[in-house]
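Just remember that the numbering used here sits 127 ahead of the position in the sequence shown, which is counted from 1.
Just so it is clear, CB atoms sit at the ideal spot from N, CA and C, and this is done for glycine as well.
Down below is the structure, laid out as structure tokens.
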Amino acid sequence: MQETPALPAASQNAQCGETLAKAFLEHMRAPRSCGILTCFSVGHTVTEPARHAIRAPPEQVWHPAPGQDDA
Numbered sequence: 128m129q130e131t132p133a134l135p136a137a138s139q140n141a142q143c144g145e146t147l148a149k150a151f152l153e154h155m156r157a158p159r160s161c162g163i164l165t166c167f168s169v170g171h172t173v174t175e176p177a178r179h180a181i182r183a184p185p186e187q188v189w190h191p192a193p194g195q196d197d198a
């Protein structure tokens, strides 16, 4: 099977809303129904309220994330 090159796609519009974001992700998944493997990563801007929530728990509750080898 021939490998298809990666095609980056991005949406930078923070105002697009949840409905449009879900439609975009559904569009990215659609080729799977034809046997085309699509992979993607979804992220978002970390806003100040999110930073505050991330920093709120005490240090002792944080644990290192596992590496690729689960170590």
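First and last residue of the uninterrupted alpha helix (DSSP H) at residue i
i: Glu-175; result: 175-182
Rounded straight-line distance, which links the Cα of residue j to that of residue i
i: Arg-182; j: Ala-136; result: 31 angstroms
i: Ile-163; j: Glu-175; result: 38 angstroms
i: Val-169; j: Lys-149; result: 11 angstroms
i: Leu-152; j: Pro-132; result: 19 angstroms
i: Gln-195; j: Glu-145; result: 31 angstroms
For residue i, the three-state DSSP class (helix, strand or coil)
i: Cys-166; result: coil
i: Pro-193; result: coil
i: Thr-172; result: coil
i: Ser-150; result: First, the residue type needs correcting, since residue 150 is Ala and not Ser in the sequence shown. Residue state, collapsed to three classes: helix.
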